[in-house]
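2 protein chains.
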Amino acid sequence: MVKRKKFATIKDVAEVSGFSINTVSRALSGRGYVKKETKEKILRVAAELGYTRDCTASALRTRKTHLIGVVVVDNTNPFYAEVIKGIELEARNYGYTILLVNTDRNYENEEKAVNTLVQRRVDGLIITAVQTKIDDILRLVQQGIPNVVIGARFENLPTNYVCSDDERGGYIVMKYLLDTGHKNVLFLNAQKYKYAARVREQGMRKALNEYEQTLENKIEFEVIYSNEGFENAYETFQMFLRRMKKEFKYDAVVCYNDIFAYAVIKLLKENGFKIPEELSIVGFDDISFSSIIEPPLTTVATDKIRLGREAFKSLIKNIETGSISQIILPVELKVRNSTKNRGNGNP
Amino acid sequence: MVKRKKFATIKDVAEVSGFSINTVSRALSGRGYVKKETKEKILRVAAELGYTRDCTASALRTRKTHLIGVVVVDNTNPFYAEVIKGIELEARNYGYTILLVNTDRNYENEEKAVNTLVQRRVDGLIITAVQTKIDDILRLVQQGIPNVVIGARFENLPTNYVCSDDERGGYIVMKYLLDTGHKNVLFLNAQKYKYAARVREQGMRKALNEYEQTLENKIEFEVIYSNEGFENAYETFQMFLRRMKKEFKYDAVVCYNDIFAYAVIKLLKENGFKIPEELSIVGFDDISFSSIIEPPLTTVATDKIRLGREAFKSLIKNIETGSISQIILPVELKVRNSTKNRGNGNP
DNA sequence: TTGAAAGCGCTAACAT
DNA sequence: ATGTTAGCGCTTTCAA
């Protein structure tokens, strides 16, 4: 085995170069005055010795680790994967490195994650919360530890958050469906403890109300709820289909996210439904597979990389200036082939 | 703004509890002798003061950060996403936290990533290498910094690696196609600087040779190469199709990975081919969408979460004992609906 | 069973 | 422009 070599320290560099520890420190960090030739010599010696700064030491001294904690429900979920990518990209730009922890949708894990990250003295945290409980986040706020929550809003709290405009997302989906002549809409939503689940439904109902008031037109709208994940959605929708038997009357199924939509599409195909001929399917998130699946999925898109970048920028601003930012990113309906115009809509 | 509170230190706990710093340290870390009542009192005081251990300080003193660096080409790639998940899961079990850095398939980024992680004094690194150049990894080995490479083998070097049995993967794919009566096989491979690209092709050729020797049966086998990613594969295959025009004669297209396969399926569908009626498609990796895409994709599966876990365990073993492990995980052909038996095969 | 003191590698205040 | 010194919060001898 190759024995791990001890790293050279600034002390070593000082001894070899003949300057003091302090001068070496200033030369290497670029802070403070050093004569040009001195600096050159020090840098040369440092290179010879294979010196690399020890971040653990400078972190202890300066109380800045340049580390940020990223707590996420599941990094394999394509939505979070892109958010993480955005965070990491921006963090790297700013000289930060991210500590990644998954919670597997479990609040206890989330709490543990936050605790270990605090122990590690991260400069701040970005959290996509499980949302069944938020005590851990409240505690962070109370302790004054910089943090940004992604995908949920705490309306009355002075906390940073970044999320997409989910109410508008729900609104534009419903409006689009009504405008294209759909009369029977089913919403396969996620559980309501999720912020996005609540407001997407709100947005849809808002569009529905507006439409019904202007047109005196009766629309069927039903909502069912599923736990997260392809399997759960598949099972929930399968049960629903069975209960409906032949009386399945919907001409559109809106799904809480694209993964739900994949489950719905799969089941409907298996049951002989033609999409979009017989009914339309809509998702949320526009994850990358949605454009290559069959049929390509109509969905409400958010720029997930941007979501991540904004979250990081919001965090860094909070770290540096203490200012709070609450950011809502725009959404956009991507109309693809899983929906079609059924005529006779709102002109 | 809520001012960030200074964290309580063991010194604070010592003063309040009336014991020495050292005793407090032992009580809190669990190392060394402390009387039961003393310990209880100390723990109580620590809790009152909201004490949390400062990892940056203990890392400096003990030279163990309990941090590991994970360098990955792109965390949004479903393959790597699962590998990361496996690493993170196992790391969390062992009290380690992962630092994640993307390289965007760029060697310079990989080198920078390795350098910053070394500066941060991670206890070890897990790297899915870009593979255009491996100097950075050689340097790690030479410096005696524990590391594990995922997905590539350095045959003559005493380095840790974990990969799947790609040669066998190629072999079983080709064997399966021949056994099910395919006569014209196209392989849309990745560029050959990739280890997996080379050995998958080798495995396929091996099966081909065995078959031709026993049966005196002539099989057409052609290989084309694409850069990584859906778009590149799409473009490469599109060019190929155009060049072929109407003379596209293959009854099977094997793809370097599932993402390539999605591109191929999309293009073939767009050009009116029926899958699997007219030709079979096979991928590698079995990422989660492969079972829900249309048609469900036949592919060579590896347990990616396990790949990640094994990588971490290999790393930790190397850190603790210095032993080298080279692990090759089994592969399995998942036959789904993108392939079919064309009869007249090897009985 | 507990305490005193040194020191990990770095930075920052102050002195020269 | 450079050096001296103290100290970040913890662990680790060693001594009591």
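The listed protein sequences correspond, in order, to chains W and S.
Note that this note's numbering has the first sequence beginning at 1, numbered continuously upward.
Note that this note's numbering has the second sequence beginning at 1001, numbered continuously upward.
Cβ coordinates follow ideal geometry from the N, Cα and C atoms, glycine included.
Asked	Found
Less than 8 Å between the CB atoms is what I'm expecting for V1122(S) and L1099(S), so what's the real figure, rounded?	6 Å
Assuming contact is defined by CB atoms lying nearer than 7 Å, are T1339(S) and P1276(S) in contact in what I supplied?	yes
Applying a beta-carbon distance threshold of less than 8 Å, which residues of chain S neighbour N75(W)?	N1075, A1081, I1084, K1085 and E1088
Taking Cβ positions, are V1141(S) and N1160(S) nearer each other than 7 Å?	no
On the DSSP bridge assignment, give the partners of C255(W) in chain order.	L188(W)
Excluding five sequence neighbours on each side, which residues of the same chain lie with their C-beta closer than 6 Å to the C-beta of N184(W)?	E220, K249, Y250 and D251
Please identify the residue among F284(W), D136(W), E222(W) and I265(W) whose C-alpha is closest to the C-alpha of E278(W).	I265(W)
Between C255(W) and chain S, is there a C-beta pair that is closer than 7 Å?	no
Is T1299(S) helix, strand or coil by DSSP?	strand
With DSSP collapsed to three states, give me the class of Q131(W).	coil
For a quick check, are the C-beta atoms of I1324(S) and P1078(S) less than 7 Å apart?	no
Counting C-beta neighbours from all protein chains within 10 Å, is the total for A1059(S) 16 or more, i.e. buried, or is it exposed?	buried
Give me the Cβ distance between I292(W) and Y262(W), rounded to the nearest whole Å; I'm assuming they're in contact under 8 Å.	The pair is not a contact, with the Cβ atoms about 12 Å apart (cut-off 8 Å).
What's the call for S1314(S), buried or exposed, on a 16-neighbour Cβ count within 10 Å?	buried
Have a look at R342(W) and K246(W) and give me their C-alpha separation to the nearest angstrom.	21 Å
Please list the terminal residues of the continuous beta strand (DSSP E) segment that includes N102(W).	T97 to N102
Just the C-alpha distance for T1132(S) and N1109(S), rounded to the nearest angstrom, thanks.	12 Å
Between the alpha carbons of R306(W) and K1085(S), how many angstroms are there, rounded?	23 Å
Determine, using beta carbons only, whether A1311(S) and I1150(S) come nearer to each other than 7 Å.	yes
Who are the Cβ neighbours of T348(W) in its own chain at under 8 Å, not counting the five residues just before and after it?	For residue 348(W) there is no data in the structure shown, the boundaries of chain W being 1 and 347.
I'd like to know if F1237(S) contacts chain W, where contact means its C-beta is closer than 7 Å to some C-beta of that chain.	no
Taking the beta carbon of S29(W) as the centre, do at least 16 other beta carbons fall within 10 Å, making it buried, or is it exposed?	exposed
Can you find a CB in chain S that lies within less than 7 Å of the CB of I292(W)?	yes
Take the Cβ of G1069(S) as the centre, count every other Cβ of all protein chains shown within 10 Å, and call the residue buried at 16 or more, exposed below.	buried
Could you tell me if D1166(S) is buried or exposed, where buried requires 16 or more neighbouring beta carbons within 10 angstroms of its beta carbon?	buried
Kindly indicate which residue of R153(W), K41(W) and A8(W) has the alpha-carbon position closest to the one of I327(W).	R153(W)
Check the Cβ of L1279(S) against every Cβ in chain W and list those closer than 9 Å, keeping chain order.	None at all; the shortest Cβ gap to chain W is about 17 Å.
Let's see if you can read the secondary structure: which residues bound the alpha helix (DSSP H) around Y1348(S)?	The displayed coordinates of chain S run from 1001 to 1347. Any statement about residue 1348(S) would go beyond what the structure contains.
Let me know the secondary structure DSSP gives V1162(S) once reduced to three states.	strand
Does chain W have any CB closer than 7 Å to the CB of Q1326(S)?	no
Span of the alpha helix (DSSP H) holding D12(W)?	I10 to S17
At 8 Å on the CB atoms, spell out the chain W contacts of T1116(S), in chain order.	T97
Exposed or buried, P146(W), counting other C-beta atoms within 10 Å across all chains shown (16 or more means buried)?	buried
Take the Cβ of Y51(W) as the centre, count every other Cβ of all protein chains shown within 10 Å, and call the residue buried at 16 or more, exposed below.	buried
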